[in-house]
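Quick mapping for you: the protein sequence lines, in order, are chains A and B.
Per the numbering used here, residue 4 is the first one in the first sequence, and the count goes up by one each step.
Per the numbering used here, residue 4 is the first one in the second sequence, and the count goes up by one each step.
Just so you know, even glycine gets a beta-carbon here, dropped at the ideal spot from N, CA and C.
The structure under discussion appears below in the form of structure tokens.
Protein chains: 2
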Amino acid sequence: MILDILEGNTTHPSANDIHKTVVTKYPTTSFSTVYNTLEMLTNVGELDKICILGNVIKYEPNTDPHAHLLCKKCNRIIDIFEPYYAKPSIRKIKQFPHTIEKVQEFLYCTCASCLKGRQGKKLA
Amino acid sequence: MILDILEGNTTHPSANDIHKTVVTKYPTTSFSTVYNTLEMLTNVGELDKICILGNVIKYEPNTDPHAHLLCKKCNRIIDIFEPYYAKPSIRKIKQFPHTIEKVQEFLYCTCASCLKGRQGKKLA
DNA sequence: TTGTAAATAAGAATCATTGCCAATTATGTT
DNA sequence: AACATAATTGGCAATGATTCTTATTTACAA
Numbered sequence: 004m005i006l007d008i009l010e011g012n013t014t015h016p017s018a019n020d021i022h023k024t025v026v027t028k029y030p031t032t033s034f035s036t037v038y039n040t041l042e043m044l045t046n047v048g049e050l051d052k053i054c055i056l057g058n059v060i061k062y063e064p065n066t067d068p069h070a071h072l073l074c075k076k077c078n079r080i081i082d083i084f085e086p087y088y089a090k091p092s093i094r095k096i097k098q099f100p101h102t103i104e105k106v107q108e109f110l111y112c113t114c115a116s117c118l119k120g121r122q123g124k125k126l127a
Numbered sequence: 004m005i006l007d008i009l010e011g012n013t014t015h016p017s018a019n020d021i022h023k024t025v026v027t028k029y030p031t032t033s034f035s036t037v038y039n040t041l042e043m044l045t046n047v048g049e050l051d052k053i054c055i056l057g058n059v060i061k062y063e064p065n066t067d068p069h070a071h072l073l074c075k076k077c078n079r080i081i082d083i084f085e086p087y088y089a090k091p092s093i094r095k096i097k098q099f100p101h102t103i104e105k106v107q108e109f110l111y112c113t114c115a116s117c118l119k120g121r122q123g124k125k126l127a
């Protein structure tokens, strides 16, 4: 069910968000199980964790390389695939050849909606 | 004193690390003061916060654009200025013109020392 | 000196995450 | 089916980084 919740989900939910959804169907589900499952799914490569400046960990079902745009006004996280994202050109780092397994790129900005003064409620 | 500790420091210390150093000279210094000072220095642009996947916040005195290499074996954070780092080409993002204020890039890897089997103690 | 504002210390509060363990469930074997 | 064993789960306590609160101290100005 956790995979179903995350499949195609672009809202980057936290463990707490996911738990809230799961308990509507399986009311006794504990946080342990949610965290264990998310950890397992991350380890097998189904999910990525993203964490912005010490806030809660969010779970990203789209593991294709892409950047995340972080709006300081509304706290929303927006996936950016093109054209900013720097595709890993690993060989260029002579000190660390062939060892980079993952790249995370965070772009701090004011999002388009907030720029136009029509952003929604600020997320937690 | 906190600025002095961080000046030229490439170890990316945490608030706790900084507090430990400060109390050797000013034994009554509280965490409140350390956190308040770090927050203030961040707000005036002297420091950047960096946070890796839910670990503690580390403080980076070098605010020049650069990437961070994160070794999974020894947990060390290494500054990378060239040639990987994608310099912000902000104008290329049509959806978000002229609004990107900061870019953070994290490269997950095994560092050169660990590759050669001579890494130091794993950091906390 | 005296009043007022700012900074600080101390510790409690918060809260996401992890750890622990007993209870439950699944799996495999006769 | 009955049993043994392993894996998963639920409940909740523990952890620990960060924030909050409040009284106290310090800095500054009139």
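Cβ-heavy atom distance, residue i to the ligand COA, below 8 angstroms
i	result
GLU49 (chain A)	This structure lacks the ligand COA, and indeed carries no ligand of any kind.
Inter-residue spacing [alpha-carbon to alpha-carbon] between residue i and residue j
i	j	result
ALA115 (chain A)	ILE83 (chain A)	13 angstroms
LYS119 (chain B)	THR113 (chain B)	10 angstroms
VAL25 (chain A)	THR14 (chain A)	16 angstroms
ASN19 (chain B)	TYR29 (chain B)	15 angstroms
ARG94 (chain A)	LEU6 (chain B)	Because ARG94 (chain A) carries a pLDDT of 44, less than 50, the predicted location of this residue cannot be relied on, and the following value inherits that uncertainty. C-alpha separation (whole angstroms): 36 angstroms.
LYS75 (chain B)	THR66 (chain B)	24 angstroms
ASN46 (chain B)	MET4 (chain A)	42 angstroms
GLU108 (chain B)	TYR38 (chain A)	26 angstroms
PRO16 (chain B)	LEU44 (chain A)	31 angstroms
GLU42 (chain A)	TYR62 (chain B)	27 angstroms
PHE34 (chain B)	LEU50 (chain B)	18 angstroms
ILE21 (chain B)	THR31 (chain B)	14 angstroms
SER68 (chain A)	THR27 (chain A)	The amino acid occupying residue 68 (chain A) in the given sequence is Pro; Ser does not appear at that position. Approximately 32 angstroms, taken between the alpha carbons.
LYS23 (chain B)	PRO64 (chain B)	18 angstroms
THR36 (chain A)	THR36 (chain B)	38 angstroms
Residues that DSSP places opposite residue i in a beta bridge
i	result
TYR194 (chain A)	Outside the shown range of chain A, which is 4 to 127, sits residue 194 (chain A), and nothing can be said about it.
ALA70 (chain B)	B:ILE83
Extent of the continuous beta strand (DSSP E) run through residue i
i	result
LYS105 (chain B)	105 to 112
Reference residue i, options the options, closest by Cα
i	options	result
LEU73 (chain A)	A:LEU9, A:ASN19, A:MET4 and A:LEU110	A:LEU110
GLY48 (chain A)	A:GLU104, A:LYS28 and A:ILE8	A:GLU104
ARG121 (chain A)	A:THR102, A:VAL106 and A:CYS77	A:CYS77
THR40 (chain B)	B:LEU9, B:ALA70 and B:CYS117	B:LEU9
ALA70 (chain A)	B:ILE21, B:LEU50, B:THR32 and B:VAL106	B:VAL106
ASN12 (chain B)	B:GLU108, B:THR102, B:CYS117 and B:ILE80	B:ILE80
LYS117 (chain B)	A:GLU42, A:THR102 and A:SER17	The question names Lys, yet the displayed sequence has Cys at residue 117 (chain B). Comparing Cα-Cα distances from CYS117 (chain B) to each of A:GLU42, A:THR102 and A:SER17, the minimum goes to A:THR102.
Unbroken alpha helix (DSSP H) run spanning residue i, endpoints
i	result
GLU42 (chain A)	34 to 46
SER116 (chain A)	115 to 118
ASN19 (chain B)	18 to 28
message: Quick check: the segment 43 to 63 of chain A against the segment 50 to 66 of chain B, are at least 3 beta-carbon pairs closer than 8 angstroms?
response: yes
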